[in-house]
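Participant:
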Amino acid sequence: MNMKYPYEFSPQDLARVEAERIKAKRELEEARSMEPPEDWPQRNWDYLAFNAYILRVFLAFGRAACALAARGQWQIDRVRDEAQKFLLRFTLQACGEEGRDRFGKAFPAMTTHDWYAALEPGVERLFRNSEEYRQFETELLAVAEGLLESVSDDPAEHLTQRQIQVDAFLRACQQETSVRVTRAHIWKAAGHRSPRQCQFWQARDPKATAQDDQNFQRILTMKPREFLDLLQRKGIITTLAA
2 MNMKYPYEFS PQDLARVEAE RIKAKRELEE ARSMEPPEDW PQRNWDYLAF
52 NAYILRVFLA FGRAACALAA RGQWQIDRVR DEAQKFLLRF TLQACGEEGR
102 DRFGKAFPAM TTHDWYAALE PGVERLFRNS EEYRQFETEL LAVAEGLLES
152 VSDDPAEHLT QRQIQVDAFL RACQQETSVR VTRAHIWKAA GHRSPRQCQF
202 WQARDPKATA QDDQNFQRIL TMKPREFLDL LQRKGIITTL AA
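Residue 2 is where the sequence shown starts when you use the numbering used here, and the numbers rise one by one after that.
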């Protein structure tokens, strides 16, 4: 069954979500073929992998929807509404296509069977408490705050606001760890080889993209220790100071 996407999605938006769906499905199949840890019943392990499959695709859709809002094509409330609708639709589709354990036994119903479909309350709580849903909320917040900043026509005010945000993040890292964190760590963590995009972003230069805004805002909402863990995973720093 082909999933229907909003007409505002660009071919690139569609490609990103579909690519993530394919990768997530492969990971689901791999999880079903492996033996879980000793303290994990196989069915529970398969159910966890199935939920991860749904949520990974949901996050990909949510990011594409956030990009539409950042480009001014959707309002923030539209992003949230469309994301919720997609989560329900994709859960229904996933249950029909993949909603079973490695032995072929179907998982418990994840949606209601009333006159209109909805996620089961327990399933909805599980999804909303997931790391993927939290990441979607964080990125949506970043877009909303970026739109609030754009209300002002004073470029100097925009620059000051973002500089203050970066400076506050650096101070927090220095206060909570003994690692000397600099702006270079931020733009390297965002995947850049030079400070150019970070400089564009701080100055609200048109050369800064919506993806730049999402990446930098996501980093600046991290806790200092989370950021240092990210730097270590990326090989930007080799050891974590106490």
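Glycine residues also receive a C-beta, built at the ideal position from the N, C-alpha and C atoms. None of these values were measured; they are calculated from a predicted model.
To the nearest angstrom, how far is the alpha carbon of residue 65 from that of residue 10?
Facilitator: Walking along the sequence shown from the start, residue 65 turns up at place 64. Walking along the sequence shown from the start, residue 10 turns up at place 9. Whole-angstrom Cα-Cα distance: 8 Å.
Participant: Say whether the region 133-151 touches the region 70-80, bearing in mind that this needs 3 or more beta-carbon pairs closer than 8 Å, one atom from each stretch.
Facilitator: Cβ pair count under 8 Å is three or more, so yes.
Participant: Could you pull the start and end residues of the alpha helix (DSSP H) that residue 105 belongs to?
Facilitator: Residue 105 sits at position 104 when you count from the first residue of the sequence shown. Note, residue 105: premise wrong, no alpha helix (DSSP H); not H, not E.
Participant: Since residue 214 and residue 147 are thought to touch, with beta carbons under 8 Å apart, how far apart are those beta carbons, to the nearest angstrom?
Facilitator: One-based indexing of the sequence shown puts residue 214 at position 213. One-based indexing of the sequence shown puts residue 147 at position 146. Indeed they touch by this definition, with Cβ atoms about 5 Å apart.
Participant: Which one of 44, 49, 207, 236 has the shortest CA to CA distance from residue 1?
Facilitator: Missing from the structure shown is residue 1; the chain here goes from 2 to 243 and no further.
Participant: Measure the beta-carbon distance from residue 111 to residue 121 and round it to whole angstroms, keeping in mind my assumption that it falls under 8 Å.
Facilitator: Taking the first residue of the sequence shown as 1, we reach residue 111 at position 110. Taking the first residue of the sequence shown as 1, we reach residue 121 at position 120. At roughly 6 Å, the Cβ-Cβ gap stays under 8 Å, so residue 111 and residue 121 are in contact.
Participant: Considering Cα atoms alone, identify which of 210, 20, 58, 187 is closest to residue 72.
Facilitator: Residue mapping note: residue 72 aligns to position 71 of the sequence shown, counting from 1. Closest by alpha carbon: 210.
Participant: Check the C-beta distance from residue 59 over to residue 29 and give it rounded, since I have them as a contact under 8 Å.
Facilitator: To locate residue 59, count along the sequence shown from 1; it is residue 58. To locate residue 29, count along the sequence shown from 1; it is residue 28. Residue 59 to residue 29, Cβ: 14 Å. No contact.
Participant: Where does residue 189 land, buried or exposed, given buried means 16+ other C-beta within 10 angstroms?
Facilitator: Counting from 1 along the sequence shown, the entry for residue 189 is found at position 188. By the 10 Å Cβ count, residue 189 comes out buried.
Participant: Just verifying my parser: in three-state terms, what is the DSSP assignment at residue 101?
Facilitator: Translated into the one-based positions of the sequence shown, residue 101 becomes position 100. Reduced to three states, the DSSP call for residue 101 is strand.
Participant: Cβ atoms of residue 171 and residue 184: under 9 Å apart, would you say?
Facilitator: Residue numbering aside, residue 184 sits at position 183 when the sequence shown is read from its first letter. Residue numbering aside, residue 171 sits at position 170 when the sequence shown is read from its first letter. Contact: yes.
Participant: Apart from the five residues on each side of it in sequence, which residues of its chain come closer than 8 Å, Cβ to Cβ, to residue 81?
Facilitator: Here residue 81 corresponds to residue number 80 of the sequence shown, with the count starting at 1. These residues qualify, in order along the chain: 141.
Participant: Looking only at C-alpha atoms, which of 32, 21, 92 sits nearest to residue 57?
Facilitator: Locating residue 57 in the sequence shown gives position 56, counting from the first residue. Selected option, being the one with the closest Cα: 21.
Participant: Which residue comes first and which comes last in the alpha helix (DSSP H) that contains residue 226?
Facilitator: Stepping through the sequence shown from its first residue, residue 226 is reached at position 225. Taken as a continuous stretch (DSSP letters only), the alpha helix (DSSP H) holding residue 226 covers 225-234.
Participant: Compare the C-alpha of residue 135 against each of 7, 44, 222, 208 and name the closest.
Facilitator: Locating residue 135 in the sequence shown gives position 134, where the first residue counts as 1. The option with the nearest alpha carbon to residue 135 is 222.
Participant: What span of residues does the alpha helix (DSSP H) with residue 8 cover, start to end?
Facilitator: Taking the first residue of the sequence shown as 1, we reach residue 8 at position 7. Unbroken run through residue 8: none, as it is neither H nor E.
Participant: Per DSSP, what kind of secondary structure is residue 112 in: helix, strand or coil?
Facilitator: Translated into positions along the sequence shown, residue 112 becomes position 111. Correct three-state label for residue 112: strand.
Participant: Within 10 Å of its beta-carbon, does residue 70 have 16 or more other beta-carbons around it, so buried, or fewer, so exposed?
Facilitator: Looking up residue 70 in the sequence shown gives position 69. It counts as buried.
Participant: Considering only C-alpha positions, which residue in the set 201, 219, 102 is nearest to residue 45?
Facilitator: To locate residue 45, count along the sequence shown from 1; it is residue 44. Ranking 201, 219, 102 by Cα distance to residue 45 puts 102 first.
Participant: Could you work out which residue in 194, 226, 97, 192 is closest to residue 179 when comparing CA atoms only?
Facilitator: Counted from its first residue, the sequence shown places residue 179 at position 178. Comparing Cα-Cα distances from residue 179 to each of 194, 226, 97, 192, the minimum goes to 226.
Participant: Bridge partners of residue 127, per DSSP?
Facilitator: On the sequence shown, position 126 is the one that residue 127 refers to. BP columns for residue 127 are empty, so no partner.
Participant: Could you check what DSSP says for residue 15 in three-state terms: helix, strand or coil?
Facilitator: Numbered from 1 along the sequence shown, position 14 holds the residue referred to as residue 15. Looking at residue 15 - three-state DSSP - the assignment turns out to be helix.
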